[in-house]
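With positions in the sequence shown counted from 1, the corresponding number in my numbering is that position plus 265.
For each residue, glycine too, the CB sits at the ideal point set by N, CA and C.
Here is the structure we will look at, set down as structure tokens.
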Amino acid sequence: MKSNVALPPSDFRDTLPTADASGGRRWLYPRETTGRFTRWRTVVAVVLLIVLFAGPFVWIDGHPLFLFNVLERRFIFFGVPFWPQDFYLVAFGLIAFIVFVALFTVVYGRVWCGWACPQTIFMEMVFRKIEGWIEGDFNARKRLDASPWTTEKVVKKGLKHGVFFLISFAISNTFLAYLIGRDQWLTLITDDPAQHLAGLAAIVVFTGVFYLVFAWLREIVCTTICPYGRLQGVLLDKNSLIVAYDYIRGEPRGKRVKSEELRVKNEELRVKSFPDGASSSPTGDPALTLHSRKGDCIDCKLCVQVCPMGIDIRNGTQLECINCTLCIDVCDSVMDKIELPQGLIRMDSQANIEQGKPFRFTARILAYSGVLLVLLGIIGFLLVSRPVMDVTVLRAPGQLYQRETGGKVSNLYLVEVINKTYRTLPVQFRLSRTDAKLRFVQPLSSVPAGEQTKGMFFIDLPEKTIRQNSTPLHIDVLAGNEVVDQIETTFLGPVK
266 MKSNVALPPS
276 DFRDTLPTAD
286 ASGGRRWLYP
296 RETTGRFTRW
306 RTVVAVVLLI
316 VLFAGPFVWI
326 DGHPLFLFNV
336 LERRFIFFGV
346 PFWPQDFYLV
356 AFGLIAFIVF
366 VALFTVVYGR
376 VWCGWACPQT
386 IFMEMVFRKI
396 EGWIEGDFNA
406 RKRLDASPWT
416 TEKVVKKGLK
426 HGVFFLISFA
436 ISNTFLAYLI
446 GRDQWLTLIT
456 DDPAQHLAGL
466 AAIVVFTGVF
476 YLVFAWLREI
486 VCTTICPYGR
496 LQGVLLDKNS
506 LIVAYDYIRG
516 EPRGKRVKSE
526 ELRVKNEELR
536 VKSFPDGASS
546 SPTGDPALTL
556 HSRKGDCIDC
566 KLCVQVCPMG
576 IDIRNGTQLE
586 CINCTLCIDV
596 CDSVMDKIEL
606 PQGLIRMDSQ
616 ANIEQGKPFR
626 FTARILAYSG
636 VLLVLLGIIG
646 FLLVSRPVMD
656 VTVLRAPGQL
666 YQRETGGKVS
676 NLYLVEVINK
686 TYRTLPVQFR
696 LSRTDAKLRF
706 VQPLSSVPAG
716 EQTKGMFFID
726 LPEKTIRQNS
736 TPLHIDVLAG
746 NEVVDQIETT
756 FLGPVK
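And the structure:
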């Protein structure tokens with residue numbers, strides 16, 4: 266390790282990158298760059314944007330690929346319908362997702378934020394691109410904001426915010442289509458507006474929220490509103506792969522001087538200042554100290570200029586860093602120009618930079634991975650074993666029992682059947698007792714695809730066979746010749 270490595274300033278955390286000296290908002294003007302990571306991020310962003318906007322409008326066999334209808338409690342994931350009765354699957358899915366996020370962050374840091382988060386994709390790949398096309402590069406945007414209100418400024422600002430509002434409107438409609446479905450959304454936007462005031466109000470509210478986020482809040486969402494940025498500080502350790510500055514190699518930073526030029530300068534200074542051959546001033550005067558070799562960082566500050574969060578990655582890991590890798594691309598381009606190896610800023614672990622330890626699977630990573638595999642196995646088993654029908658049988662509230670002709674006693678039950686498939690299913694009910702008889706108030710022989718059907722039926726038992734106040738009964742539910750569910754209920758009757 267070099268002995269002349271400079272540590273980052275100790276006060277850099279005392280101020281926010283988005284706040285000025287007076288505590289007001291400091292607007293960020295990130296500089297554009299290109300590079301291998303930027304190209305890959307663009308590809309990922311385009312794919313995710315296509316999936317996002319196409320999601321609610323892709324139908325397979327007459328059914329949507331995705332639907333999150335909270336009001337009607339209908340949910341479809343990858344074409345598979347889910348009902349409120351399947352909430353246990355959602356619970357396991359959420360737990361698995363949290364474990365996955367924790368594991369992913371432990372290993373790869375905050376890559377989700379920079380590469381897949383909708384906030385980052387829309388902000389950096391859509392809204393900032395449009396802002397650059399209309400207002401110019403980062404310097405032009407600075408000058409425009411600092412200039413007085415001229416016709417040019419009014420036109421550019423008006424055009425930019427108009428486009429921002431239209432994009433927010435498109436996002437709002439897509440979001441609503443996910444909630445209510447394609448067909449209802451089409452009816453909403455084509456029918457008489459007076460008939461759909463609630464839906465139109467929702468579109469307006471969503472549009473305003475998205476416009477506020479992307480036109481004004483921007484990076485504040487990542488640093489203040491989103492809890493994941495603060496969560497990563499707990500999950501990261503020195504073995505996590507993060508966007509890191511190699512301060513061992515880069516410090517001390519400064520304008521780079523060629524080796525031969527440095528040797529000549531040092532020799533001239535030695536002869537002039539220290540005729541006795543000493544290498545430094547006995548008085549400690551820094552003006553008489555020999556020139557030292559600089560690190561690879563030339564302090565061009567391009568890594569700061571391209572950062573959409575306004576931070577200096579050379580200060581170390583920071584909450585604001587979203588692992589967007591823009592600083593890696595711009596630093597690599599500088600290294601190429603001064604003929605030095607790339608990777609001064611790179612995806613690496615702190616342990617590797619400080620101690621030369623390559624990435625390895627730690628006990629914590631293995632533990633998270635094991636828990637995740639177990640949860641995924643449970644979810645897979647529950648999905649495979651999930652019945653095609655969900656049946657609920659309840660005794661009619663407020664009803665005890667009724668004596669019927671022929672020495673029989675009857676109980677009234679309410680039944681609710683949910684068909685979880687996309688085809689109409691026949692349904693039959695079979696009692697476990699041979700002396701019991703089931704009578705429907707209205708015939709129930711089939712359940713339409715993806716719908717919920719309710720009915721009522723009586724169960725009759727001979728009074729002489731009743732031995733207790735509450736007799737347990739088992740009801741088999743059949744779809745065709747296959748038993749898809751088994752219901753346990755009780756039968757109330759008189760006991761002498």
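- Query: Does DSSP put Pro-458 in a helix, a strand or coil?
  - Reply: As a position in the sequence shown, residue 458 is number 193, starting the count at 1. Pro-458: helix per DSSP, three-state reduction.
- Between Ile-578 and Leu-314, what straight-line distance do the alpha-carbon atoms span, to the nearest angstrom? Here the question's residue 578 lines up with position 313 in the sequence shown. Here the question's residue 314 lines up with position 49 in the sequence shown. So the alpha carbons of these two residues sit roughly 28 Å apart.
- Query: Alpha carbon to alpha carbon, what distance is there between Arg-278 and Gly-519?
  - Reply: By 1-based counting over the sequence shown, the position of residue 519 is 254. By 1-based counting over the sequence shown, the position of residue 278 is 13. Spanning the two alpha carbons is a distance of roughly 22 Å.
- Task: Kindly indicate which residue of Glu-747, Val-682, Phe-347 and Val-674 has the alpha-carbon position closest to the one of Arg-732.
- Result: Taking the first residue of the sequence shown as 1, we reach residue 732 at position 467. Measuring from the Cα of Arg-732, the nearest candidate turns out to be Val-674.
- Message: Using the Cβ count rule (16 or more neighbours within 10 Å means buried), how would you classify Ser-268?
- Response: What you label residue 268 is simply residue 3 of the sequence shown in a count that begins at 1. Only weak support is given to the placement of Ser-268: the predicted model assigns it a pLDDT of 44, under 50, and the value that follows is read from those uncertain coordinates. Exposed, because fewer than 16 other Cβ atoms sit within 10 Å of the Cβ of Ser-268.
- When the Cα of Leu-648 is compared with those of Arg-668, Lys-685 and Val-680, which residue comes out closest? By 1-based counting over the sequence shown, the position of residue 648 is 383. The shortest C-alpha separation from Leu-648 is found at Lys-685.
- Query: Whose C-beta lies closer than 7 Å to the C-beta of Leu-703 among residues of the same chain, with five residues either side of it excluded?
  - Reply: Numbered from its first residue, the sequence shown carries residue 703 at position 438. Phe-694, Leu-696, Phe-722 and Ile-724, listed in sequence order.
- Task: Tell me whether Arg-306 is buried or exposed, calling it buried when 16 or more other Cβ atoms sit within 10 Å of its Cβ.
- Result: Stepping through the sequence shown from its first residue, residue 306 is reached at position 41. Buried, because 16 or more other Cβ atoms sit within 10 Å of the Cβ of Arg-306.
- Assess, as a yes-or-no matter, whether the region 457-464 is touched by the region 494-506 under the definition of 3 or more beta carbon pairs within less than 8 Å. no
- Bounding residues of the beta strand (DSSP E) (the contiguous stretch that carries Glu-669): Within the sequence shown, residue 669 is the residue found at index 404, counting from 1. Per DSSP, Glu-669 belongs to the beta strand (DSSP E) from 667-669.
- Task: Evaluate the contact criterion for the region 461-479 versus the region 338-356: three or more CB pairs, one atom per stretch, below 8 Å.
- Result: no
- Taking the alpha-carbon positions, what's the Cys-562 to Phe-302 distance? The residue you call residue 562 lines up with position 297 of the sequence shown. The residue you call residue 302 lines up with position 37 of the sequence shown. When rounded, the distance between both Cα atoms is 20 Å.
- Query: By Cβ distance, which residues of its chain are closer than 6 Å to Thr-718, with the 5 residues on each side in sequence left out?
  - Reply: Translated into positions along the sequence shown, residue 718 becomes position 453. Excluding residues within five positions, the ones whose Cβ falls inside 6 Å are Val-682 and Val-712.
- For Arg-237, the three-state DSSP class (helix, strand or coil): Given that the chain is displayed from residue 266 to residue 761, the structure contains no residue 237 and the question cannot be resolved.
- Message: In this structure, how does DSSP classify Leu-293 when only helix, strand and coil are distinguished?
- Response: The count along the sequence shown starts at 1 and reaches residue 293 at position 28. Leu-293: coil per DSSP, three-state reduction.
- Query: Would the beta-carbon of Asn-588 fall within 8 Å of that of Cys-382?
  - Reply: Along the sequence shown, read from residue 1 onward, the residue named residue 588 stands at position 323. Along the sequence shown, read from residue 1 onward, the residue named residue 382 stands at position 117. Not a contact, by the Cβ cut-off of 8 Å.
- Query: Distance, Cα to Cα, Asp-402 vs Phe-342?
  - Reply: Mapped onto the sequence shown, residue 402 falls at position 137. Mapped onto the sequence shown, residue 342 falls at position 77. The straight-line gap from Cα to Cα measures roughly 41 Å.
- Item | Endpoints, alpha helix (DSSP H) assigned at Leu-444 | Here residue 444 corresponds to residue number 179 of the sequence shown, with the count starting at 1. 416-445 is the span of the alpha helix (DSSP H), which, as asked, contains Leu-444.
- Using alpha carbons as the reference points, say which of Leu-726, Phe-626, Ala-442 and Thr-488 lies closest to Val-335. Indexing the sequence shown from 1 puts residue 335 at position 70. Minimum Cα distance to Val-335 is reached at Ala-442.
- Based on Cα-Cα distance, which residue from Ile-507, Arg-339, Met-654 and Arg-660 lies nearest to Val-748? As a first step, residue 748 must be located in the sequence shown, where it is residue number 483. Looking at the Cα atoms, Met-654 is the closest of the given residues.
- Item | Residue from Ala-714, Val-692, Asp-700 and Arg-698 whose Cα sits closest to the Cα of Pro-708 | As a working mapping, residue 708 is identified with position 443 in the sequence shown. Out of Ala-714, Val-692, Asp-700 and Arg-698, Val-692 has the C-alpha closest to the C-alpha of Pro-708.
- Message: With three or more C-beta pairs closer than 8 Å as the rule, is the region 356-372 touching the region 388-395?
- Response: no
- What is the rounded straight-line gap between the Cα of Val-364 and the Cα of Val-639? Taking the first residue of the sequence shown as position 1, residue 364 is located at position 99. Taking the first residue of the sequence shown as position 1, residue 639 is located at position 374. If I take the Cα positions, the gap works out to 11 Å.
- Can you give me the Cβ contacts of Ile-618 inside the same chain, cut-off strictly under 7 Å, excluding the 5 residues immediately before and after it? Your numbering for residue 618 matches position 353 in the sequence shown. Ala-509, Asp-511 and Ile-513, listed in sequence order.
- Task: With DSSP as the reference, please indicate the residues paired to Phe-403 in a beta bridge.
- Result: In the sequence shown, counting from the first residue as 1, residue 403 sits at position 138. Looking at the DSSP assignment, Phe-403 forms no beta bridge with any residue, so it has no partner.
- Where do the N-terminal and C-terminal ends of the alpha helix (DSSP H) with Gln-664 fall, by residue? Residue mapping note: residue 664 aligns to position 399 of the sequence shown, counting from 1. Where Gln-664 is concerned, there is no enclosing alpha helix (DSSP H), given that its DSSP letter is neither H nor E.
- Query: What is the rounded straight-line gap between the Cα of Ala-744 and the Cα of Gly-715?
  - Reply: Residue 744 sits at position 479 when you count from the first residue of the sequence shown. Residue 715 sits at position 450 when you count from the first residue of the sequence shown. Rounded to whole angstroms, Ala-744 to Gly-715 spans 15 Å at the Cα level.
- C-beta contact flag for Phe-624 and Ser-614 at 8 Å: Taking the sequence shown and counting its residues from 1, the one referred to as residue 624 is at position 359. Taking the sequence shown and counting its residues from 1, the one referred to as residue 614 is at position 349. Against a cut-off of 8 Å, the Cβ pair of Ser-614 and Phe-624 comes out as a contact.
- Looking only at C-alpha atoms, which of Thr-590, Asp-326 and Thr-736 sits nearest to Arg-217? This structure does not reach residue 217, given that the chain is present from 266 up to 761, and the question cannot be answered.
- Reduced DSSP category for Gly-720 - H, G, I as helix; E, B as strand; rest coil: As a first step, residue 720 must be located in the sequence shown, where it is residue number 455. Looking at Gly-720 - three-state DSSP - the assignment turns out to be strand.
- Query: Helix, strand or coil for Pro-321 per DSSP?
  - Reply: The count along the sequence shown starts at 1 and reaches residue 321 at position 56. Of the three classes helix, strand and coil, the one that applies to Pro-321 here is helix, per DSSP.
- Compare the C-alpha of Ala-319 against each of Lys-418, Thr-439, Leu-431 and Gly-663 and name the closest. Locating residue 319 in the sequence shown gives position 54, where the first residue counts as 1. Comparing Cα-Cα distances from Ala-319 to each of Lys-418, Thr-439, Leu-431 and Gly-663, the minimum goes to Thr-439.
- Item | Between the CA atoms of Val-323 and Lys-622 - distance to the nearest angstrom | Position 357 of the sequence shown holds residue 622. Position 58 of the sequence shown holds residue 323. Near 47 Å, if we compare the C-alpha coordinates of Val-323 and Lys-622.
- Nonlocal neighbours in the same chain, by C-beta distance under 7 Å from Cys-592, ignoring five residues either side: To locate residue 592, count along the sequence shown from 1; it is residue 327. Around Cys-592: Val-508, Cys-568, Val-571, Cys-572, Ile-578 and Ile-610.
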